[in-house]
Structure formats: C-alpha cells, structure tokens
Amino acid sequence: MDRVYLDNAATTRIDPEVFQAMKPYFEEEYANPSSSYRFAGAINGKIQKVREEIAGFLGAKSQEIFFTSGGSESDNWAIKGIADSLREKGNHIITTKIEHHAVLHTCEFLERHGYEVTYLEVDEFGLVDPKEFEEAIKPNTILASVMFANNEIGTIQPIPELGRIAHEHGVLFHTDAVQAFGHIPIDVQKMNIDLLSASAHKLNGPKGVGLLYIKSGVKLSNLIHGGAQERGRRAGTTNAPGIIGFGKAVSLAKERLEESAAYEKKLRDKLIQRVTAEIPYTKFNGHPEKRLPNNANFCFRFVEGESLLILLDQKGICASSGSACTSGALDPSHVLLAIGLPHEIAHGSVRFTLSRETTEEEIDYTVDTLKEIVDRLRSMSPLYEDFVAKSQNKA
Ligand SMILES: *Cc1c(COP(=O)(O)O)cnc(C)c1O
C-alpha cells in the first residue's frame, strides 16, 4: 500500500468540503474583516454565523467563543491569562503529569515567574483521581487545568466531576479539549467547564486556527496584545478563511459525530484485538473503555519504538511514538512514564490514530506488517534472546 495514514491525533486531512468553503475567502472575499466598507461587512457576518454555530455545538453562547491560532495558543492564553488576572487572589495552579506540552511548558514558565504548580499523578489507565484532585486544592489555588482526552493514550478524564469539585472550592476549571472536540460530545455548561481549548486541524479543518471558550464573567488577561480584534481580547488580523473552514469542519463533525465514532471504534477494536492476540509480549496502553474512539497505543517489549516507526514508514504506514512533538527526542513519553511504565518499555510504544477514512484493509495490512517487523526486531535483540532462553529453562 502506498500510504496508510494512522496518525490522526497529530493532524488530519482537511475535508474537501472544508477546503471548498474556505476558497472564496482567499480569492474573492479577501477583505480585512475589521475594515468599515461593505466588502468587509459581509465577511464579518459570516464569521459571526460560524461563531454562533460553534458555540451551539459546545452548549455555549457566541460571545463566549474567541478564535485563536490553534490549541497551543488557547492553552497558553487560558493559563497565563488566568494566572495574571488572579495574581492577587492566589498563585497556585493544579494540572496533571500527562498534559500536552502546550500546558506543561506553560506551567513550567509560570513556575519560573513565582507561581506554584501541582502536577497530579494518574493511575495505570491514565485517569486522574477526583479525590486526589480535591485534596490538591489549597486556599491560594486559582486554576485547575485537566485535559479532556489524552493525545497519546486516548484516556478520557471525568471532566464533569473534576469541574464540579473545582467550582465547589471556587477554583476555575480549564480543559484542553483539542483531541476530544468534534470527536466526542462536549457541553461546557453541563460539564462545569470555564475555559476550553480546541483546534481545527484535529477535526479535518485547516491548520493554524483554534478557539478558546471563555465563560461569561471569567476575567483573564490578554495574551496577544495589539489591535481590537475578537472584541478587544485577542489581537491579530482575523483569519477569515481559517475561521470559515473551522466552522465547516464543526458542522460536518456535528453531523457525523456518532457515525464516525462508531465506525472508528469498530476498526480500532479490531486493531487492538488482533495486535494483542497475535503479537506476544504486547501491552495495550490507556483505558479499555474510557478512551477516544480512534486511539490505540501499544508497547512491544524488546523493541525500540523509533526503529519500529522507521520500518513501518518503509511499508507506507504513518504512525507515531506518542506525541508528534516529542518524536526525535530520545526521552520516553512523559505520559507512559506517568502511567507507571518502566523506561525500557515506554521506549517501545507506538500510537495508531484512525479516521473515518481508515479502511479495514488498511488495518489488516498494518497488523500483518507490524507482526513481521516486531518479529524481525526481536530476532536482533540480545535481550529478547536471553528472555526466551530463560523462559524455556523455567518451563
Ligand atoms: C495538537 C494538540 C495541541 C496543540 O494544538 P495546535 O493547534 O497544533 O497548536 C494541544 N493539545 C493537545 C491535546 C493536542 O493534541
């Protein structure tokens, strides 16, 4: 096969309908939406419609949706914005050890500037314990940030419960929902969310556009200073084609959510079932049920993840060793270490993330190829030889 793309957590292919919806805003409707002539006004009207549609999808109001350049910016804005605006009230932030680097590195930055951060542990499935979460709250806690669904192992957190606990203690609740948004249902009101980050390119939209939901009444400082765009809260020329593409991606996601999730889940379960049955010494990572419909993550003992990825690539299969942001780094994934895997096993992890375009044929090809490659790599591993010899002695 030419190419089997199983890295949809890193980014997705833009939907042709999304691309079509964006095109006129490059070629014909190219005005700066902040200008005062009618040429700009029509674009503004369209952007307002998109804002309403996306707000509706989240159970929010349109004036609570702020467009940004993507998930990373939204995470930075939420956390730095609250840290700055509530500095007088407190300097303590709670997050988890398995967040995306957009959250973790933002928190580390704040630690260098006088803030105190608690990084909560997770259990072997990657779940935060609501009791530990509550115990971490102190009088000076201003914000908790817990991701909706993990980008490496797919685990979905008990967000409504964590949000409720935060509110009982007067703490604001942010969630990085970049992997969840458009893939599983989210309602910010019912789920007790004050701030939520999302990104268009993770749901077949364009790269470079995202949003931050900010609940009415929540005050946070600006991150990007300059012009008066986004009602004075986020400067920068409005990305009209991007926002319109984002809107189209959301309307498609809304239509297809259940159908896509059921389809991906079926193929994902086949992948998990075949891999764990046919490849010995394999560990399946993340929670068996509380996980994204399209995510499967495995560790293959005695195999180096990076070598595996290179050989998969030679067979046309695009997968990842966890996060696209850490590949190339020799450190094992912080997420796999947090779920308690020892270094040598965490090194051998591979993440497959499916899409509604993935076929059963591709899954079968992937498992067949994976079996061959894991066998080949193990046959070259002295550790594996020792292990087999020892287990034979025992038997
Ligand atoms: C991809 C991703 C981000 C970053 O989003 P960008 O739009 O690429 O900046 C943040 N958090 C999670 C969980 C992600 O998967």
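In my numbering, the protein residues as written are 48 to 442.
Just so you know, even glycine gets a beta-carbon here, dropped at the ideal spot from N, CA and C.
Remember, it's a predicted structure, so these values are computed and weren't measured experimentally.
The closest heavy atom of ligand 1 lies less than 8 Å from the beta carbon of K249. Contact between the stretch 287 to 301 and the stretch 247 to 259 is present, with at least three C-beta pairs closer than 8 Å.
Within the same chain, and ignoring the five residues on either side of M48 in sequence, the residues whose Cβ sits closer than 6 Å to its Cβ are G363 and Y412. Looking from the CA of K178, the closest CA among L209, R278 and F86 belongs to L209. Less than 9 Å separates the beta-carbon of C346 from that of L383. Where N187 is concerned, there is no enclosing beta strand (DSSP E), because DSSP gives it neither an H nor an E.
Here I326 is near K418, since their CB atoms are less than 9 Å apart. Taking a contact as a CB-CB distance under 8 Å, the pair F331 and Y431 does not count as one, their CB atoms being some 20 Å apart.
CA-to-CA, the gap between H390 and E158 works out to about 26 Å.
A straight-line Cα-Cα distance of about 10 Å links A275 and T285. Closest by C-alpha distance to T165, out of F172, L304, E171 and V150, is V150. With a 10 Å radius around the Cβ and a threshold of 16 neighbouring Cβ atoms, H160 comes out exposed. Per the coordinates, the alpha-carbon of T405 lies some 15 Å from the alpha-carbon of R398.
Around I231, the same chain offers no residue with a beta carbon nearer than 6 Å, after the five sequence neighbours per side are excluded.
In summary, A227 is buried, with 16 or more beta-carbon neighbours lying within 10 Å of its beta-carbon over all protein chains present. By the criterion of at least three beta-carbon pairs nearer than 8 Å, the stretch 137 to 157 is not in contact with the stretch 102 to 113. Residue environment: E408 is assigned as exposed (fewer than 16 neighbouring CB atoms within 10 Å of its CB, all protein chains considered).
As summarised for the stretch 402 to 428, the continuous alpha helix (DSSP H) elements at least 4 residues long and confined to that stretch are 407 to 426, given in chain order.
Contact annotation: L242 and K266 have beta-carbon atoms that are not nearer than 9 Å. Here H272 is exposed. Its C-beta has fewer than 16 other C-beta atoms within 10 Å. Every unbroken stretch of the alpha helix (DSSP H) spanning 4 or more residues and falling wholly within the stretch 262 to 337 is given here in chain order: 276 to 279 and 287 to 325. Annotation: the stretch 202 to 253 contains the following complete segments of the alpha helix (DSSP H) (minimum length 4 residues), in chain order: 206 to 215.
Annotation for H230 indicates a beta carbon at 8 Å or more from all heavy atoms of ligand 1.
Within the DSSP bridge table, the entry for N342 names T400 as partners. DSSP lists no bridge partner for V435. DSSP places L355 within a helical segment (H, G or I) once states are collapsed to three.
V435 counts as exposed, since fewer than 16 other C-beta atoms from the protein chains shown sit within 10 angstroms of its C-beta. Membership of Y72 in the alpha helix (DSSP H) is indicated by the continuous run P71 to E74. 9 Å or more divides the Cβ of V225 from the Cβ of I206.
Distance from the CA atom of H139 to the CA atom of K185, rounded to whole angstroms, is 8 Å.
A196 carries a strand assignment under DSSP once its states are collapsed to helix, strand and coil.
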